[in-house]
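In my numbering, the protein residues as written are 954 to 1265.
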Ligand SMILES: [Zn+2]
């Protein structure tokens, strides 16, 4: 498969301090879907960058039709600072879509990505969720047909597929302005893959992510199938927040199954008193735990994948 490096400028920065979108285009020469894969929209999520390197290294053997565009590190300025937000602007790029070509750096990057997406049929955006297991996160879909096609495509990753929390909560968190949600709004199949890692390039997590992406890329031609898949989103994201500040003493780990009311850990005072017991509000799969133990009131402590009883 032919591939070439490309650079999309969003403006001129100091020499050597590029803020461009830099990536790789792979073309098979055969008909098929045009797929866009992005990493490190959040600059400290570098396991996603590693995952896309390994996708690039393994791609030749996997995809037989269409094209693949890879951007391993979207938010270069934030990645150099190893921080989530665009430096100086302190803006979360993944809450900024569709952006503006005339705006700040976050807006320019968002707008450049949206323009690039117009030339693609589907999007995989790779992130990391800290102390977590790898999983696929799906946004809210405007129609059941697109939801079924994306759920079936996501299942080919062989990772757990988890639907977003209810719209009232996800919109409150600005997730309706995320990169993948914007793609879905434009009617394009799109998923977010979450990998382990936080500031660190987690090699095992990155290879797991690369495998999941390669699985999805090689099964993407099915996205064009006229057959209506029966797939549905069976699991939903549910977050557990601290009602009490202190030091979070986690007793469980990502990947554990928990029953309703089962203890996940304690919040202790820094002197050691047990101030609160953290329990699971629902039965589910523990997919993420807060990696920063010092917590304030309202801080997210854990994320569960719970069965969606409202699912069709
Ligand atoms: Zn992220």
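Idealized CB from N, CA, C, for every residue including glycine.
- Boundaries around residue 1158 are those of the alpha helix (DSSP H), 1156-1172, since no beta strand (DSSP E) includes it.
- Straight through space, the alpha carbons of residue 1085 and residue 1151 are spaced by roughly 10 angstroms.
- Residue 1199 has its alpha-carbon roughly 8 angstroms from the corresponding atom of residue 1228.
- Contact between the stretch 1079-1096 and the stretch 1058-1070 is absent: fewer than 3 CB-CB pairs across the two stretches fall below 8 angstroms.
- Beta-bridge analysis with DSSP links residue 1007 to no other residue.
- Taken through DSSP and simplified to helix, strand or coil, residue 1103 comes out as helix.
- A distance criterion of 8 angstroms places the beta-carbon of residue 1037 in contact range of ligand 1, judged by its closest non-hydrogen atom.
- Inter-segment contact for the stretch 997-1009 and the stretch 1097-1110 is absent: fewer than three beta-carbon pairs are separated by less than 8 angstroms.
- With contacts defined as CB atoms closer than 9 angstroms, residue 1195 and residue 1248 qualify as a contacting pair.
- One thing to note: residue 1149 has its Cβ within 9 angstroms of the Cβ of residue 1207.
- The beta carbons of residue 1255 and residue 1238 sit about 11 angstroms from each other, so the pair does not count as a contact at 8 angstroms.
- Proximity of the stretch 984-996 to the stretch 1022-1034 meets the contact definition, three or more beta-carbon pairs being nearer than 8 angstroms.
- Proximity to residue 988 across 1235, 1174 and 1180 peaks at 1174, based on C-alpha coordinates.
- Comparing C-alpha distances from residue 1165 to each of 1107, 1261, 972 and 992 shows the shortest one belongs to 1107.
- The Cβ neighbour count for residue 1146, taken over all protein chains shown within 10 Å, is at least 16; the residue is labelled buried.
- Look at residue 999 here: in three-state DSSP terms it is helix.
- With at least 16 other beta carbons inside 10 angstroms of its own, residue 1186 counts as buried.
- Remark: C-beta atoms of residue 1119 and residue 1189 approach each other more closely than 9 angstroms.
- In the DSSP assignment, residue 1124 falls within the alpha helix (DSSP H) that extends over 1120-1125.
- Setting aside the 5 residues that flank it on each side, residue 974 is surrounded in the same chain by 961, 1024 and 1065, each with a C-beta closer than 6 angstroms to its C-beta; the list follows chain order.
- Cα atoms of residue 1041 and residue 984: separation of roughly 43 angstroms, rounded to the nearest angstrom.
- With at least 16 other beta carbons inside 10 angstroms of its own, residue 1094 counts as buried.
- For residue 1246, there is no enclosing beta strand (DSSP E), as DSSP gives it neither H nor E.
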